[in-house]
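Note sheet for the following structure.
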Amino acid sequence: MTVRQNARLGIDDVRPSIAGGTIPAKAVVGEVIPVFALIWREGHDALSATLNVKGPKDSPSAAKTKKITMQHSPSDPDQVNAVFVPDAIGTWTFRIDAWSDPMATWRHAVTAKIDAGQSPEELANDLESGARLFERAAQGAPKAHRPMLLDVAECLRSEDKELRARVAPGLSRDVLQLLELHPVRDLLTRGKTYKVAVERSKALVSSWYEFFPRSTGGWDDQGNPVHGTLKTAARELERAARMGFDTVYFPPIHPIGEVNRKGRNNTLTPESHDVGSPWAIGSAAGGHDAIHPDLGTLKDFDALIKKAKQLGIEIALDLALQCAPDHPWAAEHPEWFTVLPDGTIAYAENPPKKYQDIYPLNFDNDPDGIYAEILRVVLFWVKRGVKTFRVDNPHTKPANFWDWLIESVHATHPEVIFLAEAFTRRPRLYGLAMAGFSQNYTYFTWQTSKWELEQFGQEIARMADVSRPNLFVNTPDILHASLQHGGRAMFAIRAVLASTMSPLWGMYSGYELYEHQAVAPGSEEYLDSEKYELRPRDYDAALASGDSLEPFITRLNQIRSTNSALQQLRNIHFHAVDNDNIIAYSKVNTLTGNAVLVVVNLDPNNAQESAVHLNLHALGLDGRDHFEVHDEVTGATYTWGEHNFVRLEPWSNVAHIFVLPTVPSAAREQLAWRHVDTYNA
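With full-length UniProt numbering applied, the sequence shown covers 1 to 681.
Below is the structure:
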């Protein structure tokens, strides 16, 4: 219970509220933020509530407190809902005030008594009480509106008029709208103040593409891979931009250790030409603030950042807090690591996996020194133009360290985004989000059945105040069995699901070429993994031969960019489908009215057909028998209604992505409230 001691009215179950309000909820600029509470009191008098919202100093609209009258939920009179849309980065606050609503109490009583047939004489006290209420309301209204309220009071006292005519002005739409802006409030009870941490919009809406710069050098005349550079990587930036990706993530670009270097497919016997794992960071050439000599120089990196900016792309760097045995830190600060009884430094292990080429940091040894050095490294890259970091295995480092680091960076650079690469249990995953991570990887890769996907979609919407899920279809570490054995249609299916279920999605290069061979049966590791060798690809040849998913991926990113409904996280709704091989879900942007319905065949091998039963209320289409839907994938237009037939053939089209009629403005607020109710279900 959240009722304060001695509070006159009850204000319970306030949302968004993370950890009892001790941690700010998440939001981005331009996002619709639903707010919810339960309010109550003794007796039968009506209650109302006001949402008080205040933004940071540089907010154009809310540097001063903005008061929003909350609406009662259609499904529960004790629930009150409202929404606000932040327009600036920074810490926002909100407070819910509950108050007894004498006007609503009076309206209910007088209309009920009139409907019951009571006479003007029996209602004399009610009419006079109402007149006095409207005189009181006039005192608190702007001067220009006072005559309207005083006229209502006068009419209530006009004994020469018929009863309903005396009451009608007090129930008019104009008067109700005025009272909503300037209510009469009794027994005002102020609630607790809650915080919302607002980041830039890209923290919620972005399409990520991952590639290894060192694999962009092509082949020599003998067909041998040539080590790429930051200059050759610039060409891949152009291709990523053409596909519609706006964030390009590089695995570590730092010098790679020579000691215990891994060979192809993670062998312990490297050959002289083996390039090693980029996550084994550090050598005589430098550490986390250096560029691998074969990639180029810091000047080359600066040029690449400039090129990316021209293309509308941000470069995300990998923040992997570990070292190769020959990293400068290992020699200069052996106390930063775990020393075993035999005097050697412990290498990383995740049994049965062994990482002999990596020393993990021990954050309990000299935390002051480790913390300060990592902050220095992060700010070094921030000052060179890096605004996004993909953090490697953050769940193996203390959460309080991340809380400190992210807060320290945001103190001077609030625009910096941190993505947690944490495939881990829910308490850790959400704990890292509460520690300040802007985004996180998820369990999406392993959700393949209709039931699993529906549960997953509802969870990520429900947890939107806590975490922002980035749905990667693959990574250099994860080649799911569905992609190994599902054929090419499965690559399209997973891309549709990832790019439409969350505003954040990503893919690792090679996905568009249907790369699907695992190193061994039952393994999720790629054969000839790029983590241990150069792997140049001829994307142009695949595209020219029609053997590429690139055009389909490009279309998905175009659909995402032109449909604001797909840029929202909280508002997913799953519709009933008779066939478990077909899933259907919709999203609505309650600001713009844009509505999108996605129907996907989950079977990569067979055509599937079924009836799809739409919840028209969830789409803002109540009362419509038929309406047009436009398929953004094929360009076709259909006439749909509440019950519809679909057939999807994986060899021609795995999904419909329908744009629905724009939701009328009158229905949008109701949908926003509905999403709050769903969030709290």
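Where is the CB? At the ideal position from N, CA and C, for every residue including glycine.
Nothing here was measured: the structure is a model prediction, and the numbers come from that model.
Supposed contact pair residue j and residue i - C-beta distance, whole angstroms, cut 8 Å
i    : j    : result
I583 : E524 : That belief does not hold up - the Cβ atoms of I583 and E524 are roughly 24 Å apart, past 8 Å.
L179 : A137 : 6 Å
W40  : D78  : 6 Å
L361 : F337 : 7 Å
A420 : F437 : 4 Å
L471 : M490 : Contact doesn't hold; Cβ gap of about 15 Å is too wide.
G510 : R488 : Going by Cβ atoms, the distance from G510 to R488 rounds to 13 Å, so no, they are not a contact pair.
D326 : E258 : 6 Å
G90  : P56  : 3 Å
V184 : V28  : Contact flag wrong, Cβ pair sits at about 37 Å.
L405 : L375 : 6 Å
V377 : H292 : With 8 Å as the limit, V377 and H292 do not qualify as a contact, their Cβ atoms being about 16 Å apart.
Residue(s) in a DSSP beta bridge with residue i
i           : result
N362        : None, per the DSSP bridge assignment.
K67         : N52
T637        : H630
T550        : Residue identity check: residue 550 is Glu in the sequence provided, not Thr. DSSP lists no partner for E550.
P225        : W219
H643        : H613
P34         : V83
S207        : W505
S100        : L47 and D186
D403        : Answer is none; D403 lacks a bridge partner.
N601        : I582
residue 752 : In the structure as shown, the chain starts at 1 and stops at 681, and residue 752 therefore has no counterpart that could be examined.
G385        : In DSSP, G385 forms no bridge with anything.
F337        : According to DSSP, which records beta bridges pairwise, F337 is partnered with nothing at all.
residue 728 : In the structure displayed, the chain extends from 1 to 681; residue 728 sits before or after that span and is not available.
R15         : F36
Beta-carbon proximity of residue i to residue j, cut-off 8 Å
i    : j    : result
G620 : P650 : no
Y539 : E210 : no
V32  : V80  : no
L9   : A98  : yes
A615 : A655 : Note on identity: in this sequence residue 615 is Asn, with Ala being the wrong assignment. No. Outside cutoff.
L149 : A141 : yes
F245 : W208 : yes
F250 : L317 : yes
V275 : E533 : yes
I345 : V248 : no
R468 : L504 : yes
D357 : R426 : no
A618 : S586 : yes
L597 : V629 : yes
E550 : E512 : yes
N594 : A461 : no
A203 : I23  : no
H613 : H575 : yes
P604 : G486 : yes
D578 : A611 : yes
Cut-off 8 Å between Cβ atoms - residues of its own chain near residue i, not counting five sequence neighbours on either side
i    : result
L127 : V110, P120, L156, R157, R166 and V167
F94  : V35, L51, N52, V53, K54, F84, T193, Y194 and V196
R384 : L298, F301, D302 and I305
G312 : A241 and D246
F552 : A492 and A495
K64  : K54
V382 : V409, H413 and V416
Cβ shell of residue i (< 7 Å), same chain only, five flanking positions each side left out
i    : result
V466 : I18, K26, Y430, A433 and M434
I11  : T2, V3, A37, I39, I96, A98, T189 and G191
T634 : N653
M647 : Reading off the sequence shown, one finds Arg at residue 647, where the question assumed Met. Hits under 7 Å: A607 and E609.
A667 : G620
I370 : W336, L361 and F363
V473 : R494, A495, A498, M507 and Y511
K531 : S277 and P476
6 Å CB neighbourhood of residue i in its chain, flanking five on each side removed
i    : result
P16  : A25 and D465
N589 : S564, A565 and Q568
T229 : L295 and G296
A290 : H254 and P255
Y638 : V629
L340 : A346
I657 : I559, V598, E632 and V633
G30  : S201
T662 : G593
Check: residue i C-beta below 7 Å from any heavy atom of the ligand SAH
i    : result
D625 : The ligand content of the structure shown is nil, which means the ligand SAH is not present either.
Stretch pair the region 253-269 + the region 279-297: three plus CB contacts closer than 8 Å: Between the region 253-269 and the region 279-297, the count of Cβ pairs shorter than 8 Å is three or higher; the stretches touch.
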